[in-house]
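Student: Below is a structure I'd like to ask you about.
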Amino acid sequence: MPGDLTSLYRARTAREKGTVEKDWGGRCSVALVYPNAYHLGMSNLGFQVVYGLLNDRPDTVAERVFLPEGQEMSLHLRRGTPLFSLESRRPLRDFDLIAFSLSFENDYPNILKILEMGRIRLLERERREAPPFVMAGGVTTFLNPEPLAPFMDFFLLGEAEANLNEFMDRFTTADSVSADKEEFKLFLARNISSLYVPSLYRVRYRRDGTIGSCRPLKAGVPEKVRSAVSRPGEFAAGPVACSTLTTPDTEFGDRVLIELGRGCGRSCRFCAAGYVYRPPRIHEESRLLSAVGAALEGCPQVGLLSAAVTDIPGIERIASAIVQRGNRFSVSSLRADSLTEGLLVSLREAGQKTIAIAPEAGSERLRRTINKHLSREQIHEAVTRIADTGDFSIRLYFLVGLPTETDDDIGAIVDMLKSMKHHMVKSSAGRGSIGQIRLSVNCFVPKPFTPFQWFPMASVSSLKQKQRRLKKALSREGGVKVSFDLPKWAYVQTLLAMGDRRTGDMLLKAHQLGGNWWKAFPHMEINPDFFVHRPRGIDERLPWDVIDHGIDKAYLAKEYKLALKERESEICLVGECTRCGVCAGIEH
Ligand code: SF4
């Protein structure tokens, strides 16, 4: 192995705390792959949790693999060195199992790069004779695994705490390495309810290009694969997920990440996390306080994570306890309607400079359509409270291209900004300083298992035009900064989020053409707009209908129709309602 690469990899692990280095003898070896750069993968709590769960098993050794960048990448390419793991620096192909942890669709092209750099055949059908097995898990796989179906032996769908040990028990006790690969996959599909083996299903298409059917090819393989979820009672009393590996080489280098709760009961109609992580679950306050205390023994800061941090009961007390010990904390985005002065004071004491809130849409009408449950008054009250408490900058998240959006809705974003600035100036009067307003404007990308799964993505040209309009209107406002994502990448993200197995062919072609999607599209039999810009029929079979999250499709359709009527619906009332079907199907 080339010396320079070895020392680069060694230098990485030398800067880490919490690295697990195990002897391979007699253990099942898992290459846990994050398909992007090290500093991004190491900031991902889910990836770290899986690393911990695997290495907690005496029969398993898990080592990490990332997409090399910079000097590492050029050394790999120049010398033709196969990709290897961080801990023992063994080549990818030496492992029994290669497991991808996926959080973002736009990382999919990196999966193919990593397999190629590891000298692993890309297509599942070309790997049937020999190990290793290649699998994937993570939120995008339990939204829609189909675009990756041609490349994966199987997917483990759902929350790792709920199914990873069951899977590893089967994988390690059966003689997976010497067994016939196809027989072994069949065994797994028949015995693990959350394991999806795409090669065991035949998809038939109608003349119009939509899916006619998706049926198992063998007896005992389920029609629908049940995504695994931890029960609310077990979650509340169970271990709190914390990052166990720290390094200065990540965005969150100086802090331990702690998951306060999972899922969100607010039911915003565009947000996949609000549906596939149902029911919303929260840890007991005492457990959170213990987890925070333990984390602060070894690290001066914690990052508190939840879809809605302000919805966590006791969050003010937890924040205040951290500050009173002389430590610091940061939080992910906050709900404007539940942002309290107490929490803001603690954030100020903790040195947080920016408060992020997400109105998502400028007009009351569009916020009702997306089920945001956030009024203009609540937003203004939150801005006033933020400005009254300290010199915070405010980051605001908006979406453009939302279903039913009009020019007036875009104009309403500008109006909201102006009025916010006015509130901030008024509240900060006499202090002599005023925080900045930063806008992050992203394109709406439809997602599976949401009420907006039937809507298309807006055209790239209309999104660009909306972005130009906002840029022009806001460039005249001092103290306001705006950033936009690129509509062309939102197009690719929609393709990979909403596509079926045929989008896997597009992914492969784009990979063969150096990552150029626009060169790849003309080679395809089907126009990618079919997946991106086509409104889906409410009765149409969708590629992800092979997965069962316990959510009633009729409930999602009802929410879709309420959106068209600009009407909001109730938030989750766990223990009191059975509306979407999830709570009726699980033990609490
Ligand atoms: S059944 Fe009700 S409380 Fe449970 S996840 Fe569905 S909407 Fe939320």
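Residue numbering for the sequence shown follows the working numbering, starting at 5 and increasing by one per position. Even glycine gets a Cβ: it sits at the ideal position worked out from N, Cα and C. Small disclaimer: the values here were computed from a predicted structure and weren't measured.
1. According to the Cβ coordinates, are residue 39 and residue 104 closer than 8 Å?
2. Three or more C-beta pairs closer than 8 Å, one from the segment 546-560 and one from the segment 449-456: is that the case here?
3. Determine which residues share a DSSP beta bridge with residue 263 and list them.
4. Please tell me whether residue 52 has its Cβ less than 8 Å away from any Cβ of chain C.
5. Which runs of the alpha helix (DSSP H) spanning at least 4 residues fall entirely within the segment 447-496, listed in chain order?
6. Relative to the ligand SF4, what is the chain-ordered list of residues with a Cβ closer than 6 Å to any of its non-hydrogen atoms?
7. Can you give me the C-alpha to C-alpha distance between residue 6 and residue 37, rounded to a whole angstrom?
8. My guess is that residue 508 and residue 151 are in contact by the Cβ rule of under 8 Å, so how many angstroms apart are they, rounded?
9. For the segment 118-160, list the beta strand (DSSP E) runs that are entirely contained and at least 3 residues long, ordered along the chain.
10. Which of the three DSSP states, helix, strand or coil, is assigned to residue 393?
11. From what residue to what residue does the alpha helix (DSSP H) around residue 534 run?
12. Specify, as a first and last residue, the run of the beta strand (DSSP E) that residue 216 falls within.
13. Could you spell out the range, first to last residue, of the beta strand (DSSP E) harbouring residue 87?
14. Quick one: what does DSSP say residue 175 is sitting in, helix, strand or coil?
15. Let's see if you can read the secondary structure: which residues bound the alpha helix (DSSP H) around residue 191?
16. Report the rounded CA-to-CA distance for residue 9 versus residue 396, giving the unit in angstroms.
17. Could you tell me which residues DSSP pairs with residue 33 in its beta bridges?
18. To which residues of the same chain is residue 255 closer than 7 Å at the C-beta, ignoring the five residues directly before and after it?
19. Write down the C-beta distance between residue 570 and residue 377 rounded to the nearest angstrom, noting that I regard them as a contact closer than 8 Å.
20. Where does the unbroken beta strand (DSSP E) through residue 333 begin, and where does it stop?
21. Can you tell me whether DSSP reads residue 415 as helix, strand or coil?
22. Is the beta carbon of residue 500 sitting closer than 8 Å to the one on residue 120?
23. What residue range is occupied by the uninterrupted beta strand (DSSP E) comprising residue 105?
24. Among 300, 232, 286 and 289, whose alpha-carbon lies nearest the alpha-carbon of residue 260?
25. With a 10 Å radius around its C-beta and 16 neighbouring C-beta atoms as the bar for buried, classify residue 230 as buried or exposed.
26. Terminal residues of the continuous alpha helix (DSSP H) containing residue 42?
27. Between the beta-carbon of residue 365 and the beta-carbon of residue 359, is there less than 8 Å?
28. For the beta strand (DSSP E) containing residue 514, name the first residue and the last one.
29. State the beta-bridge partners of residue 21 as determined by DSSP.
30. Excluding sequence positions up to five away, which residues of its chain have a Cβ less than 8 Å from the Cβ of residue 267?
31. Whole angstroms is fine: what's the gap from residue 537's alpha carbon to residue 448's?
32. How many angstroms separate the CA atom of residue 337 from the CA atom of residue 343?
33. Hey, quick one: how far does the beta strand (DSSP E) through residue 588 stretch, first residue to last?
Tutor: Well, looking at it:
1. yes
2. yes
3. 309
4. Protein chains in the displayed structure number just one, and chain C is not present.
5. 464-479
6. 269, 282, 283, 576, 577, 578, 581, 582, 583, 584, 586 and 587
7. Unreliable placement is indicated for residue 6, whose pLDDT of 49 sits below 50; the coordinate value is still reported in the next sentence. One C-alpha to the other measures close to 22 Å.
8. 5 Å
9. 137-141 and 158-160
10. helix
11. 533-536
12. 215-220
13. Segment: none, residue 87 is in no beta strand (DSSP E) and carries neither H nor E.
14. helix
15. 185-195
16. 43 Å
17. 65
18. 43 and 47
19. About 13 Å; that fails the 8 Å criterion.
20. 332-335
21. helix
22. no
23. 101-105
24. 300
25. buried
26. 42-45
27. no
28. Residue 514 -> not in any beta strand (DSSP E); alpha helix (DSSP H) instead, spanning 505-516.
29. 250
30. 277, 278, 281, 282, 283, 284, 285 and 311
31. 12 Å
32. 11 Å
33. That residue, residue 588, is in no beta strand (DSSP E); it is neither H nor E in DSSP.
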